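*Asks:*
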Amino acid sequence: MDVTIEKHNSYNNIILKGRLDTITSIPFEKQILALIENGEINFLIDCEQLNYISSAGLRVLLLASKKVTPNGGKVVLSALQDHIREVFEISGFTAIFKIFGSHDEAVTFLN
Amino acid sequence: MNNNFISEVKNSIPAIADCRVELLKFGRKNKLSKECLFGLVLAVDELLMNIVLYGYKDDREHSIFLEIKIDGENIYVQIVDDGIPFNPQSAPSPDINTPVETRTPGGLGIFLAKNYVNSIDYVFSEGKNRLKLHKFVC
Numbered sequence: 658m659d660v661t662i663e664k665h666n667s668y669n670n671i672i673l674k675g676r677l678d679t680i681t682s683i684p685f686e687k688q689i690l691a692l693i694e695n696g697e698i699n700f701l702i703d704c705e706q707l708n709y710i711s712s713a714g715l716r717v718l719l720l721a722s723k724k725v726t727p728n729g730g731k732v733v734l735s736a737l738q739d740h741i742r743e744v745f746e747i748s749g750f751t752a753i754f755k756i757f758g759s760h761d762e763a764v765t766f767l768n
Numbered sequence: 006m007n008n009n010f011i012s013e014v015k016n017s018i019p020a021i022a023d024c025r026v027e028l029l030k031f032g033r034k035n036k037l038s039k040e041c042l043f044g045l046v047l048a049v050d051e052l053l054m055n056i057v058l059y060g061y062k063d064d065r066e067h068s069i070f071l072e073i074k075i076d077g078e079n080i081y082v083q084i085v086d087d088g089i090p091f092n093p094q095s096a097p098s099p100d101i102n103t104p105v106e107t108r109t110p111g112g113l114g115i116f117l118a119k120n121y122v123n124s125i126d127y128v129f130s131e132g133k134n135r136l137k138l139h140k141f142v143c
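If you read the protein sequences in the order shown, they are chains A and B.
Those letters in the first sequence? Residues 658 to 768, by the numbering used here.
Those letters in the second sequence? Residues 6 to 143, by the numbering used here.
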């Protein structure tokens, strides 16, 4: 699992590559919570190369969203593979997160 | 073709992750589609993780028995553990229609596991949880 964080003016771009499972969710949670502690409120999670997600990964995204929403922030996702999108649909997370087909659409929304 | 997967998995998070890698290899060898294998692996991952995280009240090492058989259009999974009695069928479903402010992540793993299999049978006998899953090859 690789997590790449790119800081932009109005949002943080987080590229997830590989598997977001019980093990890899732990460092990812620390990274995103540290950014929120530093006052960051908008996150674009680029999921194009995310191959696997379990409930542990969903939990971190939910936690981040719950922390930034009261401050007017957003966690949005882009480019989910079909099987990953299905996990979000089953979990009811498509009602919680804005999900964009492409990275560019998500960037347009955040700007 | 070897269409049987048997493993004694230790009750540790890394052991479950290793098991998932082996299960992926097994599924690919048996030509399961990417979607089918993803669902199978996710269901097994969530159920095993639940046992490891909540099933034991001591610090001892335990073994969880996992068997997967692919028979034509059917996938049969057996999970046997000596943790506290827990029937996933009776686990409450999360309220998936709750807004983000009040949504809690509890119960999501079991809920996902149930969604990716076609049936779950559970019995507790001889001091062990015995879970049987059936999933159609898809």
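In this text, a Cβ means the ideal position worked out from N, Cα and C, and glycines have one as well.
Computed from a predicted model, the values in this text were never measured in an experiment.
At least one CB of chain B closer than 8 Å to the CB of I680 of chain A: is that the case?
*Replies:* Residue contact with chain B for I680 of chain A: present (Cβ-Cβ distance below 8 Å to some residue of chain B).
*Asks:* Could you list which residues in chain A have their beta carbon closer than 9 Å to that of I101 of chain B, in chain order?
*Replies:* I747, S748, G749, F750 and A752
*Asks:* Between the alpha carbons of H665 of chain A and I671 of chain A, how many angstroms are there, rounded?
*Replies:* 11 Å
*Asks:* Does any residue of chain A bring its CB to less than 8 Å from the CB of R33 of chain B?
*Replies:* no
*Asks:* With 8 Å set as the bound, which would you pick, yes or no: does the beta-carbon of I56 of chain B sit closer than that to a beta-carbon of chain A?
*Replies:* No, I56 of chain B does not count as interfacial toward chain A.
*Asks:* Tell me which same chain residues have a C-beta within less than 8 Å of the C-beta of D76 of chain B, skipping the five on either side of it?
*Replies:* Taking C-beta separations shorter than 8 Å and ignoring five residues to either side along the sequence, the partners of D76 of chain B in its chain run N8, following chain order.
*Asks:* Tell me the rounded alpha-carbon separation between K15 of chain B and S124 of chain B.
*Replies:* Approximately 25 Å between the Cα atoms of the pair.
*Asks:* How many angstroms separate the CA atom of V744 of chain A from the CA atom of N102 of chain B?
*Replies:* Going from the Cα of V744 of chain A to the Cα of N102 of chain B covers about 15 Å.
*Asks:* Going by DSSP in three states, E106 of chain B sits in which element: helix, strand or coil?
*Replies:* coil
*Asks:* Tell me which residue opens and which closes the beta strand (DSSP E) that G675 of chain A is part of.
*Replies:* N669 to L677
*Asks:* Please list the partners that K723 of chain A has in chain B, where partner means a Cβ-to-Cβ separation under 8 Å.
*Replies:* V105, E106 and R108
*Asks:* Quick check: what's the CA-CA separation for V85 of chain B versus I710 of chain A?
*Replies:* 24 Å
*Asks:* Among residues of its own chain, excluding the 5 on either side of P99 of chain B, which ones have a beta-carbon nearer than 7 Å to its beta-carbon?
*Replies:* Closer than 7 Å at Cβ, skipping near neighbours: G111, G112, L113 and F116.
*Asks:* Does any C-beta atom of chain B lie closer than 8 Å to the C-beta of L737 of chain A?
*Replies:* no
*Asks:* Ignoring anything shorter than 3 residues, give me the beta strand (DSSP E) runs that lie fully in the stretch 13–91 of chain B, in order along the chain.
*Replies:* As far as the stretch 13–91 of chain B is concerned, its whole beta strand (DSSP E) runs of at least 3 residues are 68–76 and 79–86.
*Asks:* If you reduce the DSSP assignment to three classes, tell me which class F754 of chain A lands in.
*Replies:* coil
*Asks:* Assuming A22 of chain B contacts I680 of chain A under a Cβ cut-off of 8 Å, what Cβ separation, rounded to an integer in Å, is found between them?
*Replies:* 5 Å
*Asks:* Are the C-beta of G114 of chain B and some C-beta of chain A separated by less than 8 Å?
*Replies:* Interface residue, yes.
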